[in-house]
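Residue 159 in the numbering used here sits at position 157 of the sequence shown; the count goes up by one each step and never skips.
Where a beta carbon is used, it is the ideal one built from N, C-alpha and C, also for glycine.
These numbers come from a predicted model, not from an experiment.
Report on the structure given below.
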Amino acid sequence: MNGYSDVDDMKNNIDIEAGEGLLYPGIGYGENQLRWGFIRKVYGILAAQILLTTAVSTVTVLYAPINDLLRGNSWILLFLLFTPFILLWPLHIYQQKHPLNFVFLGLFTASLSLTVGVTCANTEGRIVLEALILTSAVVAALTGYTFWASKKGQDFSYLGPILFTSLIVLVFTGFIQMFFPLGSTSTAIYSVLPFCG
3 MNGYSDVDDM KNNIDIEAGE GLLYPGIGYG ENQLRWGFIR KVYGILAAQI LLTTAVSTVT
63 VLYAPINDLL RGNSWILLFL LFTPFILLWP LHIYQQKHPL NFVFLGLFTA SLSLTVGVTC
123 ANTEGRIVLE ALILTSAVVA ALTGYTFWAS KKGQDFSYLG PILFTSLIVL VFTGFIQMFF
183 PLGSTSTAIY SVLPFCG
């Protein structure tokens, strides 16, 4: 079966606390290295996208001529709105062509980062800070849950990751409300949503 074993059969023979570094208990060393390599590649691309978005958004907000140009010209805003959707087509077509897929992914990220920059330039700073904190909490919670579930050899259920991440977001929303009150109605709505599942 090409190095794969049933996870339920292997649970008795694997010591999770031994620190073997297996991503999925019950698979061979080669498959494990390939999976960790894929995860490193995905997180590398994600980190590059976040850094590019942060850099472009910072320049858009802090450099006054670009800020004024993007605020006052509705045609540029309309172009920036539809550019990511247009770039989805070549991303789909060239997804298996190595140099072109990175070029189109870079263009897609640049167009989205300009859109985020326009949003940051036209929005109050504390709202952008709240969005940054909550987005970081979601990414950290999903990453932590993914690695935890993978190390345990557990399969993902539909609501497990969603409820865990929603609970983390609820906790961070409570911390944010200590500094920037949102209001009691929105708090009640946000508090009920994670537990509707």
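| Check | Outcome |
| --- | --- |
| Cα-Cα separation, G199 to V140 | For G199, the predicted structure reports a pLDDT of 44, less than 50, and the residue's modelled location is therefore unreliable. The matter cannot be settled from this model. |
| Minimum C-alpha distance to I129 - residue among P183, L82 and Y96 | P183 |
| Residue range of the alpha helix (DSSP H) that includes N124 | Neither: N124 is in no alpha helix (DSSP H) and is coded neither H nor E. |
| Whole-angstrom distance between F106 and I47, CA atom to CA atom | 13 Å |
| Meets three-Cβ-pair contact criterion under 8 Å: the region 46-62 and the region 109-119 | yes |
| 8 Å Cβ cutoff met for V58 and G119 | yes |
| Inter-residue spacing [alpha-carbon to alpha-carbon] between E33 and K43 | 15 Å |
| Where the alpha helix (DSSP H) containing F81 begins and where it ends | S76 to I95 |
| F84 versus G74: straight-line alpha-carbon distance, rounded | 18 Å |
| Pairwise C-alpha distance: L116 and A50 | 15 Å |
| A143 burial status per 10 Å Cβ neighbour count (16 or more: buried) | buried |
| DSSP state of K43 mapped onto helix, strand, coil | helix |
| 7 Å Cβ shell around L82 - same chain, five flanking residues per side excluded | S113, L116, T117 and V120 |
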